[in-house]
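Following: one structure in C-alpha cells, then a few remarks.
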Amino acid sequence: MEQTQEEPAVTTGAAQTMEAALPQPSSRVLPSLGIVLVAGGLLMLGWFSFLWFSPGPAPYHYHLVEEGGIDKFSKLGLDAWPDLGISKQEILVDGVDEPVAVGYLARRGNSKPVMLAWDNQAGEPVVFVNNKLSELTLLMPTIAKHVPKDAALLAWWDTSRQIQLLTGLETVFTSHLSGPLITPSLWQKRIEAIEKYEREFWGSAPSAEEKGKFQRFAAALSAEPTKGTAMLRELAGGREAYVVVHVSDLYKLGQMHPDRIGVAYKDFPLKGGDVHGLNAMVKRWLMDNNYTSQAVHPLSEDNARAYFLTDEKSKDTLLAQMLPMTTSKPIEFKAAQLVHKEGGYWVYKIPSAQPSNS
5 MEQTQEEPAV
15 TTGAAQTMEA
25 ALPQPSSRVL
35 PSLGIVLVAG
45 GLLMLGWFSF
55 LWFSPGPAPY
65 HYHLVEEGGI
75 DKFSKLGLDA
85 WPDLGISKQE
95 ILVDGVDEPV
105 AVGYLARRGN
115 SKPVMLAWDN
125 QAGEPVVFVN
135 NKLSELTLLM
145 PTIAKHVPKD
155 AALLAWWDTS
165 RQIQLLTGLE
175 TVFTSHLSGP
185 LITPSLWQKR
195 IEAIEKYERE
205 FWGSAPSAEE
215 KGKFQRFAAA
225 LSAEPTKGTA
235 MLRELAGGRE
245 AYVVVHVSDL
255 YKLGQMHPDR
265 IGVAYKDFPL
275 KGGDVHGLNA
285 MVKRWLMDNN
295 YTSQAVHPLS
305 EDNARAYFLT
315 DEKSKDTLLA
325 QMLPMTTSKP
335 IEFKAAQLVH
345 KEGGYWVYKI
355 PSAQPSNS
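Following my numbering, the numbering of the sequence shown begins with 5 at its first residue and continues without gaps.
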C-alpha cells in the first residue's frame with residue numbers, strides 16, 4: 005500500500021535534511037520558492053527571506069487565546085486536578101495567518117506555567133514536539149500511587165515538570181530548561197533571540213548545577229545500556245530511582261546528541277484503523293531510506309508518527325533499547341526493570357547495582 009501526497013520526513017543527526025514549513029489555509033507545508041514567486045512575486049519572496057533569514061527578534065510570539073479553570077477546558081480531561089489554571093496559547097509568526105502551533109499551559113496558583121498539551125500545525129516542530137495529554141493523565145495516577153515519595157524520579161525536563169505538577173512528587177529536573185531548543189532550521193540565525201524570548205516567557209532561571217545534571221542525563225540515554233544505567237544511578241545519588249521515557253524523546257535526544265544517535269520521523273495517515281496498511285507504509289519508508297529501526301506512535305485517530313533510527317550505532321543506545329523499536333525488547337531488558345507502560349510512556353526502575361547478565 006503506497007501513501008499519496010507524502011510529506012518529507014524530518015531527521016536529526018548525520019542524516020539531517022530538515023526543511024522549515026509554514027502553514028497555509030489549505031496546506032501545512034512551506035510552498036516552494038517557485039510557488040511563492042508565482043503567487044506573490046518578488047515582493048513576497050523578499051518578505052519571507054527577511055522574516056526567516058535575517059537576524060533580529062524572535063520570529064514568533066505566544067498569543068493568549070483564553071484562560072480559566074479546568075471547567076472551561078473540559079475536553080482536556082483534567083477533572084482530577086481541579087485547582088489548575090489553564091491557558092490556551094497560539095504560536096504566531098508575523099505575516100502568517102494561521103498559528104504554527106497551539107499549546108495548553110497549566111499552573112497552580114502563582115507558580116510558573118507548565119506545558120501540558122502541544123499540537124504543531126506546521127511541517128516541523130516548534131518549541132515542543134506533539135504529545136497526547138490523554139496518555140499523560142492516565143500515567144500520572146499510577147506514578148503518584150507506586151513511586152515512593154523519596155525516590156529519584158528522572159525524565160526529560162518537560163516530562164519532569166508535568167510529573168511534578170500532576171503528582172506532587174519531586175523530580176530531579178524542575179526547571180524549564182529549553183534544551184534542546186526545537187525550531188525550524190531556517191530560524192538558526194535568530195537562535196539567541198529565540199532563547200532570550202523563551203526564557204522570558206517561561207520565567208526560566210535554571211541553575212548551572214541543574215543544567216549540568218540534565219546534560220549528564222542526556223548523555224546517559226545516548227550511551228550504551230550498561231554505562232547509561234550506571235550514569236542514571238549516579239544522578240539518583242544513592243536513592244531508589246525511576247526513569248520515565250517517551251517515544252518522542254528519541255527526536256529530542258537526536259537534536260541534542262546527533263553524533264551519538266541519528267533519528268528521523270515521518271507522519272503517516274491512519275485511516276479507519278488500518279494498522280496493516282500503516283505498517284506496510286512505515287516498513288517501505290524504512291527500507292527506502294536505509295534506516296535501521298522504527299517505532300510507531302499514534303498521534304490521533306487519523307495520524308501516526310513513525311520514529312526511525314538512521315544508523316546501526318543508534319539502536320544500541322540506552323534510550324533506543326528502552327523504547328519499542330523493532331530492534332529492542334523492553335520487556336526483556338536487563339539493564340533496567342520495566343514497571344509500567346502507558347501509550348508512548350515507558351517507566352523503568354533503575355537497579356541499585358548493575359545486574360551481572362546485562
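All C-beta atoms, glycine included, are put in the ideal place defined by N, C-alpha and C. Quantities reported herein were computed from a predicted structural model and do not represent experimental measurements.
Alpha carbon to alpha carbon, how far is residue 215 from residue 317? 26 angstroms
Exposed or buried, residue 304, counting other C-beta atoms within 10 Å across all chains shown (16 or more means buried)? exposed
Can you tell me which of the three DSSP states residue 348 falls into? coil
Cβ contact check for the region 267-278 and the region 181-190: 3 or more pairs under 8 angstroms: no
Any idea what DSSP makes of residue 30, helix, strand or coil? Confidence at residue 30 is low in this model, with a pLDDT of 36, below 50, so the placement of that residue should be treated as unreliable; the coordinate-derived value is given next. Residue state, collapsed to three classes: coil.
Near residue 202, which residues of its chain fall below 6 angstroms by C-beta distance, leaving aside the five closest residues on each side in sequence? 182
Got a sec, what are the start and stop residues for the beta strand (DSSP E) residue 270 sits in? 267-273
Local Cβ density within 10 Å of residue 162, reported as buried at 16 or more and exposed below that: buried
Best match in 89, 84, 280 and 146 for proximity to residue 344 [C-alpha to C-alpha]: 146
Length of the line joining the Cα atoms of residue 334 and residue 98: 45 angstroms
Let me know the secondary structure DSSP gives residue 295 once reduced to three states. coil
Please report the residue range of the beta strand (DSSP E) in which residue 4 lies. The structure shown does not extend to residue 4, since the chain spans only 5 to 362, so no value can be given for it.
Expressed to the nearest angstrom, what Euclidean distance is found between the alpha-carbon atoms of residue 246 and residue 143? 14 angstroms
Can you find at least 3 beta carbon pairs, one from the region 291-305 and one from the region 193-207, that sit closer than 8 angstroms? no
Within the same chain, show all residues whose beta-carbon is closer than 8 angstroms to that of residue 178, passing over the 5 residues directly before and after it, in chain order. 164, 165, 168 and 214
Measuring straight from C-alpha to C-alpha, what distance separates residue 61 and residue 196? 9 angstroms
Is there a Cβ of chain B sitting closer than 8 angstroms to that of residue 295, yes or no? In the displayed structure, chain B is absent; only one protein chain is listed.
Starting from the Cα of residue 180, find the closest Cα among 309, 254, 218 and 252 and give me that residue. 218
With a threshold of 7 angstroms on Cβ separation, who are the neighbours of residue 65 within its own chain once the five nearest residues in sequence on each side are excluded? 96
On the DSSP bridge list, what partners appear for residue 201? Answer is none; residue 201 lacks a bridge partner.
Could you give the uninterrupted runs of the alpha helix (DSSP H) lying entirely in the region 215-274, keeping only those of 4 residues or more? 229-240 and 253-260
Taking the straight line between their C-alpha atoms, what separation do you get for residue 302 and residue 279? 10 angstroms
Same chain, Cβ closer than 8 angstroms to residue 220, neighbours up to 5 away in sequence not counted: 235, 238 and 239
Check this for me: beta carbons of residue 321 and residue 226, under 8 angstroms apart or not? yes
In chain order, what residues of the same chain lie with their CB nearer than 6 angstroms to the CB of residue 353, ignoring the 5 residues before and after it? 246, 341 and 343
Residue 73 to residue 82 span [Cα, whole Å]: 10 angstroms
Collapsed DSSP secondary structure at residue 111 in the structure displayed: strand
Around the C-beta of residue 291, are 16 or more other C-beta atoms found within 10 angstroms, so that it is buried, or is it exposed? exposed
Using DSSP's beta-bridge definition, name the partner residues of residue 91. 71 and 109
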